[in-house]
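2 protein chains.
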Amino acid sequence: MSRLARLAGLLPLMALCLFGCAAPALTDASDDAPLALKRQGSFFVGGRDLPSEDLSSLPVISPKGTVTVDQVYVRYQVPAAQHRRPALTFIHGCCLTGKTWETTPDGRMGWDEFFLRRGHPVYVIDQAWRGRSAVNPAGVNAVKAGKRAADTLPVYVVPGHETAWQMFRFGPDYPNAFSGMQFPLESQGEFWKQMVPDWSYSLAGTNPTVPALAELAGKIGGTVLVSHSQSGIYPFQAAALDARNVQGIVAVEPSACPAPQADLRPYRGLPTLIVFGDYVAQSPYWAARLKSCRDFMQAANAAGGRVEVQVLPDLGIRGNTHMLMQDRNSLQVAQWLEAWLAQRIAMRD
Amino acid sequence: MSRLARLAGLLPLMALCLFGCAAPALTDASDDAPLALKRQGSFFVGGRDLPSEDLSSLPVISPKGTVTVDQVYVRYQVPAAQHRRPALTFIHGCCLTGKTWETTPDGRMGWDEFFLRRGHPVYVIDQAWRGRSAVNPAGVNAVKAGKRAADTLPVYVVPGHETAWQMFRFGPDYPNAFSGMQFPLESQGEFWKQMVPDWSYSLAGTNPTVPALAELAGKIGGTVLVSHSQSGIYPFQAAALDARNVQGIVAVEPSACPAPQADLRPYRGLPTLIVFGDYVAQSPYWAARLKSCRDFMQAANAAGGRVEVQVLPDLGIRGNTHMLMQDRNSLQVAQWLEAWLAQRIAMRD
Chain A
845 MSRLARLAGL LPLMALCLFG CAAPALTDAS DDAPLALKRQ GSFFVGGRDL
895 PSEDLSSLPV ISPKGTVTVD QVYVRYQVPA AQHRRPALTF IHGCCLTGKT
945 WETTPDGRMG WDEFFLRRGH PVYVIDQAWR GRSAVNPAGV NAVKAGKRAA
995 DTLPVYVVPG HETAWQMFRF GPDYPNAFSG MQFPLESQGE FWKQMVPDWS
1045 YSLAGTNPTV PALAELAGKI GGTVLVSHSQ SGIYPFQAAA LDARNVQGIV
1095 AVEPSACPAP QADLRPYRGL PTLIVFGDYV AQSPYWAARL KSCRDFMQAA
1145 NAAGGRVEVQ VLPDLGIRGN THMLMQDRNS LQVAQWLEAW LAQRIAMRD
Chain B
845 MSRLARLAGL LPLMALCLFG CAAPALTDAS DDAPLALKRQ GSFFVGGRDL
895 PSEDLSSLPV ISPKGTVTVD QVYVRYQVPA AQHRRPALTF IHGCCLTGKT
945 WETTPDGRMG WDEFFLRRGH PVYVIDQAWR GRSAVNPAGV NAVKAGKRAA
995 DTLPVYVVPG HETAWQMFRF GPDYPNAFSG MQFPLESQGE FWKQMVPDWS
1045 YSLAGTNPTV PALAELAGKI GGTVLVSHSQ SGIYPFQAAA LDARNVQGIV
1095 AVEPSACPAP QADLRPYRGL PTLIVFGDYV AQSPYWAARL KSCRDFMQAA
1145 NAAGGRVEVQ VLPDLGIRGN THMLMQDRNS LQVAQWLEAW LAQRIAMRD
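The structure is reproduced here in structure tokens:
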């Protein structure tokens, strides 16, 4: 796609941003008002029962029995507001949990509540094998019992602060920050507490979160899937499984987009926004991902897709890191996203 | 304690139950009304930074770096209601997470929302090294890398359904249920999805959740600590660390109470309720724990304590399992507990 064509593609969104982002207040006066919920709760989607001989290495608990894995924990809140907006499902990235979308490290309102206060039912998940979604300990216990070799242990990784610093584009290298960078570094300690080890690299085939998302979308009668980073590919895979209840996809800095040569029919007519923050050109890792998402956009749109790739500095929103839902201007980005949703996603009756 | 003395001790609570439990409706009409929150969010307490060389076995993520562990995830909701009731902090048990207190497996309101709707600020945690509270993967990765022997792998256990069935007193043995048992077995699949492996048996010394609870109590200016099962001892240990902001302890079927010969001064004047469900006599494991908690009660009260041990069938509430906050009559038990809180816990100004 030529630079001109790309610029032309941006124009509607830039106008949208001028309308949305230039508003004097980033939060409504009502954001301090009591929050009225119609209902809230939590449940699981997905999951399967497995027999195991390696559930325990404690004498008092039998190693033998049935264990349930691959399920996905979902916490939801439905606003009392009468004006109906599409349900949003928030899917965190690597080495994080649903906490990603809640209160920011510096104590401000998270995206979960921002969109709830604007009339969206909000669903926040923990990926399969993460957080409140169980892992199977058998892979560890079988090695502890001497039944399997140590090199069969799961890949179970968490980046250290120093590694994450660069991956999350707080700066070029730890502890140096990019100029104008908007992550609240004074509260980084609270952010490091959000990080958890990631078992997903040991899961064969499609991540179990994917069919669970398709199930969730059906169960709640339609939703926009909002991914982050590692989970970027999941909504596309869920739509390929069953697109009937996927009303749109918002991929926040996806680690991967579908390949241009993939079957692109599931994305025909599906409103899709892929958004990246600032400093992408300074990060070879993320620059490559932005490029591959643009290649996907071009191929998908040639096949009837409605994919947009947006890079926030092109819209005049600067300083965003990979954790843009937690940056100081997180609600400015949310407000821009809310305007995009209002323009692109039709409500179902 | 003689049987007569024990009966006499029960009388005030039995009266309380007659008042509370005999009310025609277990939920207020307002339980279906919109829920008004003053504020909500999530944060962490506790946590410490550790250097590590074993954070990753993936070539693309450095194994070296700083990791933060021992922190405790806290989700909270403060009701908009003007009448002030004490804050409650809910602490789950073994092989479970904060999900314990949310929507029941059969889709009814959890204790988190029940007490919120009655004016209590509610804090729900994930124990350290569980759920959204990170574990350190170094103990697995060092073995995978051949740097440590397989038998140094963490104790990482989850009971299978068949084992849990008996531990949770659904029945004498899987799949037989106790007569009149109130756990919603038709929804057991949703309950099994709540179970996660438990790393805590590998943590040396006092569980890091304990100082985190004391920190939380201080941070929020006072709270009643409500434990379950494995976490039963934590509130007592937290009060021993710093009792200033522990307004009361409710131990639901604790796996352990403090030893009668322990220093019992921290519990002087501290309203404490230890509650067990039904079928305890049929379970040697739980019968022994009930007995040891009664021994603690006697010793603590002789030293100025205000400890009560209640067994629900003695109050006319029958059929409760170890998961009494999820049993069919969970809100009847909650209503009884609410009456206890109203009588025993003074509000602070």
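Residue numbers (our numbering), protein chains in the order written: chain A, 845 to 1193; chain B, 845 to 1193.
Where a beta carbon is used, it is the ideal one built from N, C-alpha and C, also for glycine.
These numbers were taken from a predicted model, which means no experiment stands behind them.
Please confirm whether P903/A has its beta-carbon closer than 7 Å to some beta-carbon of chain B. Along the first sequence, one-based indexing puts residue 903/A at 59. Taking Cβ atoms only, chain B never reaches closer than 7 Å to P903/A, which makes this a no.
Check whether the Cβ of Y1000/A lies closer than 7 Å to any Cβ atom in chain B. Walking along the first sequence from the start, residue 1000/A turns up at place 156. For Y1000/A, the answer is yes, since a Cβ of chain B falls inside 7 Å of its Cβ.
With distance defined between alpha-carbon atoms, name the residue in T1007/A, A1132/A, L1085/A nearest to L1108/A. Mapped onto the first sequence, residue 1108/A falls at position 264. The shortest C-alpha separation from L1108/A is found at L1085/A.
Do the CB positions of A1095/B and I1118/B come within less than 7 Å of each other? Start at 1 with the first residue of the second sequence, and residue 1095/B comes out as number 251. Start at 1 with the first residue of the second sequence, and residue 1118/B comes out as number 274. In this structure, the beta-carbon distance from A1095/B to I1118/B falls below 7 Å.
Using a C-beta cutoff of 7 Å, does R961/A count as contacting chain B? Taking the first sequence and counting its residues from 1, the one referred to as residue 961/A is at position 117. Closer than 7 Å: no.
Per DSSP, what kind of secondary structure is L1060/B in: helix, strand or coil? Numbered from its first residue, the second sequence carries residue 1060/B at position 216. Three-state result, L1060/B: helix.
The beta strand (DSSP E) enclosing Q1010/B, as first and last residue numbers: What you label residue 1010/B is simply residue 166 of the second sequence in a count that begins at 1. That residue, Q1010/B, is in no beta strand (DSSP E); its alpha helix (DSSP H) goes 1005 to 1011.
A867/B at chain A interface by Cβ criterion, 7 Å: The residue given as residue 867/B occupies position 23 in the second sequence. For A867/B, the predicted model reports a pLDDT of 40, less than 50, meaning its position is unreliable; a value from the coordinates is still stated below. Not an interface residue.
Report the partner residues of I1118/B according to the DSSP bridge assignment. Numbered from 1 along the second sequence, position 274 holds the residue referred to as residue 1118/B. According to DSSP, I1118/B bridges with A1095/B, V1153/B.
Just checking my contact of F1012/A with M1191/A at CB under 8 Å: how many whole Å lie between their CB atoms? On the first sequence, position 168 is the one that residue 1012/A refers to. On the first sequence, position 347 is the one that residue 1191/A refers to. Incorrect: roughly 34 Å between the Cβ atoms, too far for contact.
A867/B - DSSP class collapsed to helix/strand/coil: Translated into the one-based positions of the second sequence, residue 867/B becomes position 23. For A867/B, the predicted structure reports a pLDDT of 40, less than 50, and the residue's modelled location is therefore unreliable. The matter cannot be settled from this model.
Hey, out of L1156/B, A1082/B, L1175/B, G1076/B, whose CA is closest to C1137/B's CA? The count along the second sequence starts at 1 and reaches residue 1137/B at position 293. Among L1156/B, A1082/B, L1175/B, G1076/B, the Cα nearest to that of C1137/B is on G1076/B.
Taking C-alpha atoms, which residue in D875/B, G1092/B, A993/B lies nearest to V1151/B? As a first step, residue 1151/B must be located in the second sequence, where it is residue number 307. Selected option, being the one with the closest Cα: G1092/B.
Count the C-beta pairs between the region 1132 to 1147 of chain A and the region 987 to 997 of chain A that are closer than 8 Å, then say yes if the count reaches three, no if not. no
For a test of the three-state rule: what should DSSP assign to R1112/A, helix, strand or coil? For the purposes of this step, residue 1112/A is taken as residue 268 along the first sequence, with counting starting at 1. R1112/A falls in the strand class under three-state DSSP.
Proximal residues of chain A, C-beta to C-beta of Q884/B below 8 Å: Here residue 884/B corresponds to residue number 40 of the second sequence, with the count starting at 1. Neighbours of Q884/B on chain A, chain order: L879, E957.
Span of the beta strand (DSSP E), counted from its first residue to its last, around R929/A: Sequence index remark: in the first sequence, residue 929/A carries index 85 (1-based). Counting along the chain, R929/A falls outside any beta strand (DSSP E), and DSSP gives it neither H nor E.
Name the two residues that bound the continuous beta strand (DSSP E) containing G909/B. Here the question's residue 909/B lines up with position 65 in the second sequence. From DSSP, the beta strand (DSSP E) with G909/B extends over 909 to 923.
Alpha carbon to alpha carbon, how far is T1165/A from W945/A? Give it in angstroms, no decimals. Taking the first sequence and counting its residues from 1, one reaches residue 945/A at position 101. Taking the first sequence and counting its residues from 1, one reaches residue 1165/A at position 321. Distance between the alpha carbons of W945/A and T1165/A is about 15 Å.
Could you spell out the range, first to last residue, of the alpha helix (DSSP H) harbouring V979/B? By 1-based counting over the second sequence, the position of residue 979/B is 135. Where V979/B is concerned, there is no enclosing alpha helix (DSSP H), given that its DSSP letter is neither H nor E.
Since H1072/A sits in a beta bridge, which residues does DSSP pair it with? Here residue 1072/A corresponds to residue number 228 of the first sequence, with the count starting at 1. Looking at the DSSP assignment, H1072/A forms a beta bridge with V1096/A.
Residues of chain E with a CB under 9 Å from the CB of K988/A: which are they? The chain labelled as chain E is not found among the protein chains of the depicted structure, namely A and B.
Using only the alpha-carbon positions, how far apart do Y1111/B and A1058/B sit? Translated into positions along the second sequence, residue 1111/B becomes position 267. Translated into positions along the second sequence, residue 1058/B becomes position 214. Taking the straight line from one Cα to the other gives about 14 Å.
Per DSSP, cross-strand counterpart(s) of I827/A: Only positions 845 to 1193 of chain A appear in the structure, and residue 827/A is not among them; the question remains open.
Chain B within 7 Å of R976/A, Cβ atoms only: Here the question's residue 976/A lines up with position 132 in the first sequence. Yes, because at least one Cβ of chain B sits closer than 7 Å to the Cβ of R976/A.
From I1189/A to H927/A, what does the alpha carbon distance come to, in whole angstroms? Translated into the one-based positions of the first sequence, residue 1189/A becomes position 345. Translated into the one-based positions of the first sequence, residue 927/A becomes position 83. About 14 Å.
When you compare the region 1015 to 1029 of chain B with the region 960 to 974 of chain A, are there three or more beta-carbon pairs, one atom per stretch, that lie closer than 8 Å? no
Partners in chain B for L899/A, counting only beta-carbon separations shorter than 9 Å: As a position in the first sequence, residue 899/A is number 55, starting the count at 1. Here the neighbours are V1001, V1002, P1003, G1004, T1007, P1041.
Under 8 Å by beta carbon: chain A residues contacting E1034/B: Your numbering for residue 1034/B matches position 190 in the second sequence. Residues of chain A passing the Cβ test: F887, F888.
In angstroms with no decimal places, state the Cα-to-Cα distance between V1068/B and A931/B. As a working mapping, residue 1068/B is identified with position 224 in the second sequence. As a working mapping, residue 931/B is identified with position 87 in the second sequence. Distance from the CA atom of V1068/B to the CA atom of A931/B, rounded to whole angstroms, is 6 Å.
Does DSSP put V1040/B in a helix, in a strand, or in coil? Here residue 1040/B corresponds to residue number 196 of the second sequence, with the count starting at 1. Three-state DSSP puts V1040/B in coil, outside helix and strand.
Taking the continuous alpha helix (DSSP H) assigned at P1079/B, which residues delimit it? As a working mapping, residue 1079/B is identified with position 235 in the second sequence. Per DSSP, P1079/B belongs to the alpha helix (DSSP H) from 1078 to 1085.
Any chain A beta carbon closer than 7 Å to V1153/B: The sequence position of residue 1153/B within the second sequence is 309, counting from 1. Output row for V1153/B: interface = no.
Tell me, which residues are paired with T1067/A by DSSP? Position 223 of the first sequence, counted from the start, is the residue given in the question as residue 1067/A. Bridge partners of T1067/A: V1090/A.
Measuring only the C-alpha atoms, how far is G1148/A from G1113/A? By 1-based counting over the first sequence, the position of residue 1148/A is 304. By 1-based counting over the first sequence, the position of residue 1113/A is 269. If you take the alpha carbons of G1148/A and G1113/A, they lie about 6 Å apart.
Is P1098/B closer than 7 Å to D1122/B when the C-beta atoms are compared? For the purposes of this step, residue 1122/B is taken as residue 278 along the second sequence, with counting starting at 1. For the purposes of this step, residue 1098/B is taken as residue 254 along the second sequence, with counting starting at 1. The answer is no: Cβ separation not under 7 Å.
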